[in-house]
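Following: one structure in structure tokens, then a few remarks.
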Amino acid sequence: MITYVANRAIQFVLALIVASVVVFALMSILPGNAAQVALGTNATPDAVAALEAQYGLDQPPLIRYFNWVVGMLSGDFGTSYVTEAAITPVIVGSVQVTAILVIAAIVLAIVIAVPLGTFAALEQRNWIGVTISALSQIGIAVPNFLAAIILVIIFSLTLGWFPSQGWMAPVEGLGGFLIRLVLPVVSLALVQAAILTRYVRSAVLDVMREDYIRTARAKGLTRAKALFIHGLRNAAIPVITVAGVQLATLLVGAVIIEQIFVIPGIGSELVRAVANRDLVTVQGIVMVLVFLVLIINLIVDVLYPIVDPRIRNAS
Amino acid sequence: MAENLLEVRNLTITPAGAEAPVLHDVSLSLALGERVGLIGESGSGKSLTAQSVMGLLPEELRAQGTVSLQGFAGNILDAKERTLAKMRSDLVSMVFQEPMSALNPLMRIGDQIAEVLRIHGEVARGDIPGRVLDLLTSVHMPDPNSARYAYPHQMSGGQRQRVMLAIALANSPRLLICDEPTTALDVTVQKHMLDLISERVAAVQAGLLFITHDLAVVAGVCDRVIVMYAGRIVETGSVAQIFTDPQHEYTRGLLASSDLDATDAHGKLFTLKTALSYAGPIDEAGPIDEAAPDDEGEQSSAADRPADVREPAPASAGEASTGDGSAPLIDVSGVSKHFRSRGLLLRRRSPVRALDDISFSVASGQRLGIVGESGSGKSTLLNLLSGLDRPTSGHVRVGDIRVESASSSALRSLREDLQIVFQDPFASLDPRMRVEDIVSEPLIARGIARVERLARVEEMLLAVDLDTKAMRRYPHQFSGGQRQRISIARALVTRPQILVADEPVSALDVSVRSQVLNLLTDLVDDYALTLLFVSHDLGVVRHLCSDVIVMKDGHIVESGSTEDIYAHPREEYTRSLIAATPSLAAALASAT
């Protein structure tokens, strides 16, 4: 178990190093350097050279890479050439917003999908199971921005229950925070719930065919109880894998939802930085996203042996 | 109502949406404490009958008739799931075939046993841990105390089956159903398990319904036998009646094909078709006192019976094994294979010695049996021989190829010369490929044109007694025995010199087993093959192989000519293997 976790942690660090090199290299390969990009095509060579000197862009790439990495490790993502402000507070603030959004969405998706998927599996021959399957099929086909627009039209414009856009931090008022959270979270969660429902359904169907469920029934448990006591934890293993991938997808997919609902999340910051040709900020945000995706994978990897003793021993 | 413990009347089972029933009008009864064997091949309906009694029939099947059990009010077939759940394990319990998958992999053994006690609430909560320990002790679990905290994957198949038995008998049910409980186990483990079942069933005074396709197994455990064929009961009677005077044609065929000691006038094993000339299991020289088969006596009696020549080694094997004094075809010297558990940081575990200093050679045309229980290193050895893996130390030579240092092109030509038939006919064929593509695949690797490929496939399919119509079909359209024929055709299509058969008949029904063994014998003769036959079943090896090596824990325990080893096993381990192999004659002797 310790070996297993240590191995995963080492893989995590290696992946992070490789990713940082790739992100840095990509930004460096782009035509023109960061100073040129920031100042635009009309800038004089002198102005570009001055900016280069100011931000150390005249130094060799290897030195710049190490400065960048060392800076990030100490929590300093550098200074934007465009806004001339420190990047770290921007990233920290926006990551919090996105994290709330994404975690709320995946939790909601799981809360919807696990019972629905299980029910769909148990009632697979009835109209209930068929209906759930059909609905989840439709859910998968609906992109989350369309879901967002439909939800806004119904619940904001027509019924007026929720605001159609905006954000409020929890400290500014819990009620205002929650009411603004509802529509973006639901529109993110619905699609993921639809996908997850299908996975839960097939995982539960697989598990119900397992011999140990038959053993559990032979012991005197009803079908439903056998499934709850012995089946769900076994079904959790494939579902955890999918939920991990979905969480990573949501993190990046939140960009669109943040735009629609005007939420100052990391997606909005990324879009703004790209529009402003603010390469250093883009580089920092991408690195943070990579870090978060890798962390999610690490957590999923560590969850496996906790759920499944076979993986604990095999490692 | 009826005094019988179990009363099944006119049970007919039909799949939803189908006209033809899979179980026709089955009636049977079982008296209090009686032990009944239910025999038949896969698909005969014996498992469905058992599932009906447990109320565990799959939903898509419709059952008619009545199943009544003493202590249960009403017809089990009509009862609701909740009522049935109360009955299960309290009145009737079941031990299933697959020990590897029948336990929840995520739950500790002790908790899984405790659960069955908790569900029925007959044991006070505080007493449950003690009772779990008692149950594990009662099934002779080694170190029952720490077994409580083990997970299923940490146990062997035999140990898991003991756990299943402990669970099944925890609430002292009146009826225990065992569905092929020992089919997936090694022979020596099987013997212990059968003894244990008899012992425990007697201890809790339960009735026993024992399902199996293996006649030799049933004789030792049961008083009465019911034979099923194609969804009907064809015969029922005491063990002695069924074994000595079978009335139904199918029973006779089953009996004949079960007996690997008997061959017909052509030196072939009996099959369902040739069973007419079978004279029954020979219990020579009157009753035998011990359960161990008296092999020498059996051979001497063969002279008295010209009708079925009892000559276990095929006539050609003796000549072939002597060879012509040239270098052996396969030479294995000082081979070891160790597996190391991998870890990036910590390396604590010592390597597993799967093979330890193995040496043997096989002459061209020889038929060598490799016998051992699971974990003895048989599969590792095959992987080394076929170049799928490399030895940690030692040399493997096949033909003129040094396998341990062979280049990938040398390995390719090795695989043309050495082909393998695998154990599981269901898992080893790609379900999405047509038979013609499966069989011709080895030829594609050799760049042979399509027309010739198809001609060769046709020829091979005919050689394994399959219709050429089979070419356009998919594996799922064939039975287990037919699939194993397809595997054999696939293996022989490159015309290899060496055929390696890895437990090719252990997943097959007894009646199909003898057909496949006969086919293998013929093909080995026709194609002048060198045969390596891996099996845990000494009876099968004895029929087919001229020489045998016995393996245990990565070592060769004993080797020599098959007859010699049978008649005079030098090692205790070999002796225990021979004693544990179920034999009709021995089973009958102990039953009567």
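So the sequences go chain by chain: A and B. Here the first sequence is numbered in my numbering, starting from 1 and rising by one per residue. Here the second sequence is numbered in my numbering, starting from 1 and rising by one per residue. Note that CB positions come from ideal geometry on N, CA and C, so glycine has one too.
When the Cα atoms are used, residue 545(B) and residue 531(B) turn out to be separated by approximately 8 Å. Annotation for residue 236(A): 307 place their beta carbon closer than 7 Å to its own, counting only its chain and skipping 5 residues before and after. For residue 552(B) and residue 382(B), the gap between their C-alpha atoms comes out near 15 Å. Residue 238(B) is bridged by DSSP to 224(B). Residue 174(B) places its beta carbon less than 8 Å from that of residue 92(B).
Within the same chain, Cβ atoms closer than 8 Å to the Cβ of residue 510(B) are found at 41, 213, 214, 215, 254, 257 and 258, the five residues on either side in sequence being excluded. Where residue 445(B) is concerned, the enclosing alpha helix (DSSP H) starts and stops at 435-445. The Cβ-Cβ distance between residue 28(A) and residue 61(A) falls below 8 Å. Close to residue 307(A), with beta-carbon spacing below 9 Å, are these residues of chain B in chain order: 106. Closer than 9 Å at the C-beta level to chain B, one finds no residue of the region 62-86 of chain A. Chain B places a beta carbon closer than 8 Å to that of residue 212(A), counting this residue as a contact. By the Cβ rule, the region 142-151 of chain B counts as touching the region 109-119 of chain B, because three or more pairs are nearer than 8 Å.
Contact with chain A is absent for residue 141(B), since none of that chain's Cβ atoms lies less than 8 Å from the residue's Cβ. Secondary structure note for residue 120(B): its alpha helix (DSSP H) is the uninterrupted segment 109-120. Using a CB distance below 7 Å, the part of the region 76-94 of chain B facing chain A consists of 81, 82, 85, 86, 88, 89, 90, 93 and 94, ordered along the chain. Assigned with DSSP and collapsed to three states, residue 413(B) falls in helix.
Within the region 279-296 of chain A, no residue places its CB atom closer than 8 Å to a CB of chain B.
Under DSSP, residue 229(B) forms a beta bridge with 232(B). For residue 144(A), no CB of chain B lies under 8 Å from its own CB, so it is not counted at the interface with that chain.
Residue pairing by DSSP puts residue 7(B) in a beta bridge opposite 29(B) and 68(B).
For chain A, the residues of the region 109-120 of chain B that bring a beta carbon within less than 7 Å of one of its beta carbons are 115, 116, 119 and 120, in chain order. When the alpha-carbon of residue 151(A) is set against those of 191(A), 13(A), 219(A) and 114(A), the nearest one is in 191(A). Spanning the alpha carbons of residue 565(B) and residue 438(B) requires a straight line of approximately 38 Å. Sixteen is the threshold: when 16 or more other Cβ atoms of the shown chains lie within 10 Å of the Cβ of residue 162(A), as they do, the residue is buried. Looking at 63(A), 44(A) and 86(A), the one whose alpha-carbon comes closest to that of residue 285(A) is 86(A). For residue 521(B), the closest alpha carbon among the candidates 508(B), 501(B) and 584(B) is that of 501(B). DSSP places residue 230(A) in the helix class (H, G or I) of the three-state scheme. Contact between the region 39-58 of chain B and the region 134-143 of chain B is absent, with fewer than three C-beta pairs closer than 8 Å. A Cβ-Cβ distance of about 3 Å is found for the pair residue 117(A) and residue 200(A), placing them in contact under the 8 Å criterion.
The criterion of a C-beta distance shorter than 8 Å is satisfied by residue 503(B) and residue 534(B). Using a Cβ distance threshold of 8 Å, residue 85(B) and residue 222(A) count as a contacting pair.
Neighbourhood of residue 102(B) in chain A, by CB distance below 8 Å: 211, 212, 214 and 215, in chain order.
When the beta-carbon positions are compared, residue 8(A) and residue 302(A) come within less than 8 Å of each other.
Below 8 Å, enough C-beta pairs join the region 101-109 of chain B and the region 161-179 of chain B to call them touching: three or more.
Taking CB atoms only, residue 149(B) has no neighbour in chain A less than 8 Å away. For residue 501(B), the enclosing beta strand (DSSP E) stretches over residues 498-502.
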